[in-house]
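Reviewing the structure listed below.
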Amino acid sequence: MARNVISTDVALVGAGIMSATLGTLIRKLEPSWSVSVFEALDAAAAESSDPWNNAGTGHSALCELNYTPQAADGSVDIAKAITINEQFQVSRQFWAYAVDAGVLDTPSEFINPIPHASFVHGADNVEYLRKRYEALSSQTLFEGMEFFTDPATFSERLPIMAAGRNFADPVAVNWYEGGTDVDFGSLTKKLINFVGKGGAVHFGTRVTNLKRTKDGWRLTVKNQRTHEVTHVDARFVFVGAGGGALPLLQKSGIKEAKGFGGFPVSGQFFRCNNPELIENHAAKVYGKAAVGAPRCRCHTSTPASSTVTRACSSARTPASRRSSSRRVSTRTSRCL
Ligand SMILES: Cc1cc2nc3c(=O)[nH]c(=O)nc-3n(C[C@H](O)[C@H](O)[C@H](O)COP(=O)(O)OP(=O)(O)OC[C@H]3O[C@@H](n4cnc5c(N)ncnc54)[C@H](O)[C@@H]3O)c2cc1C
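For what it's worth, the working numbering labels the leading residue of the sequence shown as 1, then goes sequentially.
Dropping the structure here:
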C-alpha cells in the first residue's frame, strides 16, 4: 500500500541514454517543469548504455554494412545510410550545443575520433564494397571515404588483420578517417547529472505500474531496499527502460504497445589487454555477416559471424602511428 505521493511534470523511467537525452532537452526547453527520473539500479547507465555493454560506435553508416543492402540486381541502396548519417550529425550538433551551453564538459570523456572501416573478403563481396564506395563517396556526408584492395595498404592500416592472411582471397576496405567512438555511459552520466541538478533522480527505485489518469499518469514505484511503495503523479511519462520498457508499456494500456513481444538476446564481448595488440590496431572495423550467421543489429562480434574487430583495451593509442596528421582514437578501451 502506497503511503506517499510525489507530483512531477515529467517522469522518466530508467536512467539510460534515452531518458538522459530527453531529460536534458526538457530541462533546456521547459526549465520551469519538474523532472523526476526513476531508475531501478543504483547508478545511471548501468544497463545497455554502460560502455562495456555496447560497441560504442556512433552509428553513422560509415562502417555498418547493414545500412547499405545489396539489391537482387547487384546495386547498393544507400538511402538508409544517408538517413542514419544525418541523424548522427544531429546528435553531434546536440552534444556540441550541450558543451557550449555548459551542460556537458570534457568532450574527450565521451566522444573521440577513430577511423571507421568496413571489411570484406571474397570476390563478390569486394565487388559489393566497390559499388558501396562508388555510391557513397559522391555524397557530401561521406566525402573522403577511401576504398582499397591492395595488401600493402591493408597491412599498413590494419596490421593485425593482415598478419598471417592469405591475400589470394581478395580483400577490400571502405575507410573513413572521421569516424567516432562514443562512450555512451560517460555521456549518460553527465546528462543525468545535469537533469538531476534541476530535478530529482531516484536510484534503486523500480517503476512497477503505470496507469492513465484524467490529468496524466500515475506511476507505482518501489524502493528496491526498503520495499516502500510510492505513487507518482506526472503530466508526462517517458518509458526509457530499455529491455524493461515493453512490460511497462503493455501495462500502460496504450494501443501502440499491442502486438509486440520480446525475447532475450545475449552477446559475448572480448576484451583485449595486450598492449602490443592495442598499439597496432587503431580502427573500428565492421564486416559483413556470413550467410546463415545470427543477425546482430549492432554488428558486435559474435563467434559465428566474426563481424567486428575493434581497437582494444586501456592504453592510449599513439596519434603518430601512421602519420602525424592522422587522428586516431585516444579512448580505445575494448576489443570486440
Ligand atoms: C551488444 C550491444 C551493442 C550495442 N552497440 C551499440 C553501438 O555501438 N552504438 C549505438 O549507438 N548503440 C549500440 N547499442 C544500442 C544501445 O546500447 C542502446 O540502444 C541504448 O544504450 C539504449 O539506451 P536506453 O536508455 O534505451 O536503455 P538502457 O541504457 O538499457 O537504460 C534503461 C534503464 O532503465 C532501467 N529500468 C528498466 N526497467 C525499469 C523499471 N521498471 N523501473 C525503473 N528503471 C528501469 C534499467 O535499469 C536501465 O538502467 C548496442 C546494444 C547492445 C545490446
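Ideal Cβ positions, reconstructed from N, Cα and C, are used throughout, including at glycine.
In this model, L249 and D169 are separated by some 49 Å (Cα to Cα). Its chain contains T68, P69 and A71 as the residues whose beta carbon lies nearer than 7 Å to that of D77, once the 5 sequence neighbours on both sides are disregarded; these appear in chain order. The beta carbon of M161 sits no closer than 7 Å to any heavy atom of ligand 1. Of the residues F203, A81 and F110, the one whose Cα lies closest to the Cα of L141 is A81.
For W33, the CB contacts under 7 Å within the same chain, skipping 5 residues up- and downstream, are D9, V10 and I26 in chain order. About 6 Å separates the beta carbon of G179 from that of K284, a gap short enough to meet the 8 Å contact definition. Taking a cut-off of 8 Å for Cβ pairs, the stretch 84–91 and the stretch 51–64 touch, as three or more such pairs fall below it. By the C-beta criterion, the stretch 117–125 is judged to be in contact with the stretch 159–173, since at least 3 inter-stretch pairs fall below 8 Å.
Proximity to G267 across R165, G244, A55 and G292 peaks at A55, based on C-alpha coordinates. For A43 and F203, the gap between their C-alpha atoms comes out near 6 Å.
By the Cβ test, the stretch 263–277 is not in contact with the stretch 89–107, since fewer than three Cβ pairs between them sit closer than 8 Å. Around the beta-carbon of H281, 16 or more other beta-carbon atoms lie within 10 Å, marking it buried.
Note that the stretch 207–220 does not touch the stretch 184–197; fewer than 3 beta-carbon pairs, one per stretch, sit closer than 8 Å.
For E276, the uninterrupted alpha helix (DSSP H) run begins and ends at P275 to E279, by DSSP.
A direct Cα-Cα distance of roughly 15 Å separates N166 from T153. I111 has its CB no nearer than 7 Å to any heavy atom of ligand 1. For N85, no beta strand (DSSP E) segment is defined; the enclosing uninterrupted segment is the alpha helix (DSSP H) at A79 to D100. Looking only at F147, L65, V37 and R3, the smallest Cα-Cα distance to K197 is reached by V37. Within the model, the alpha-carbon separation for N4 versus T213 is close to 17 Å.
Membership of T188 in any beta strand (DSSP E) is not indicated; the residue belongs instead to the alpha helix (DSSP H) covering F184 to G198.
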